[in-house]
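Chemist:
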Amino acid sequence: MNLSREKLLLRKIEKVKTQLAALGDLRPGSLSTQYNVCGTPGCRCKATPPKKHGPYYQVSFTRKGKSSSKFVRKQDLAAVRKELKNYETMKTLVDRWIDLATELSNLRLANKRT
Ligand SMILES: [Zn+2]
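Using our numbering, the first residue of the sequence shown is number 6, and each one after it goes up by one.
1. Rounded to a whole number of angstroms, what is the C-alpha to C-alpha distance between THR94 and ASN111?
2. Determine, using beta carbons only, whether LEU89 and GLY29 come nearer to each other than 8 Å.
3. Between which two residues does the alpha helix (DSSP H) holding THR97 run?
4. Assess contact between the region 14 to 30 and the region 48 to 60, defined as three or more Cβ pairs (one per stretch) separated by less than 8 Å. Is contact present?
5. Kindly indicate the opening and closing residues of the beta strand (DSSP E) around ASN38.
6. Helix, strand or coil: which one does DSSP assign to THR45?
7. Let me check understanding here. Comparing Cα to Cα, which of LEU36, LYS17, LEU25 and ARG10 lies closest to LYS96?
8. Looking at the unbroken beta strand (DSSP E) that takes in GLY70, where does it start and where does it end?
9. Provide the residue(s) that pair with VAL21 in DSSP beta bridges, ordered along the chain.
10. Near ligand 1, which residues have their beta-carbon less than 7 Å from any of its heavy atoms, given in chain order?
11. Measure the CB-CB distance between LEU109 and VAL21 and report whether it falls below 8 Å.
Okay, structure coming up:
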């Protein structure tokens, strides 16, 4: 019974690895849209009502405890959105792998005892 559970876990782990290998480009972070006001006197961004500059797209992310952000051109938005989505998928898959691997290890450690 434990052996079939082990086989099932191994099969699930292989599936996770296959899905990870199939992932495309990725990057961490979240996308936001900004409208800015400039320093030019009499500019439309200071009119009433103001017509601010933008939209500007920005991806914010934290790596190794350091937060930063990067502007994204409009023509790159679709690619970056896909990369952000792939990153989230990668995290979900790695989490699943960790859970499966831990259960597998526990199972094998328990089998050695008996
Ligand atoms: Zn302006």
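We put the CB at the ideal spot given by N, CA and C, even for glycine.
These figures come from a predicted structure and were not determined experimentally.
Modeler: If we stick to the structure as given:
1. Whole-angstrom Cα-Cα distance: 26 Å.
2. Inclusion of LEU89 and GLY29 in the CB contact set at 8 Å is not warranted, their separation being larger than that value.
3. Segment 82 to 118, the alpha helix (DSSP H) holding THR97.
4. With contact defined as three or more Cβ pairs closer than 8 Å, the region 14 to 30 and the region 48 to 60 are not in contact.
5. Here the sequence assigns Thr to residue 38, which means Asn is not the residue at that position. It spans 35 to 41 - the beta strand (DSSP E) in which THR38 sits, taken as one unbroken run.
6. Coil, per DSSP.
7. It is LEU25 whose Cα lies nearest to the Cα of LYS96.
8. Run containing GLY70: none; DSSP gives neither H nor E here.
9. Partner(s): none; VAL21 has no beta bridge.
10. In chain order, the qualifying residues are VAL42, CYS43, THR45, CYS48, ARG49, CYS50, LYS51 and HIS58.
11. In this structure, LEU109 lies away from VAL21, with their beta-carbon atoms at least 8 Å apart.
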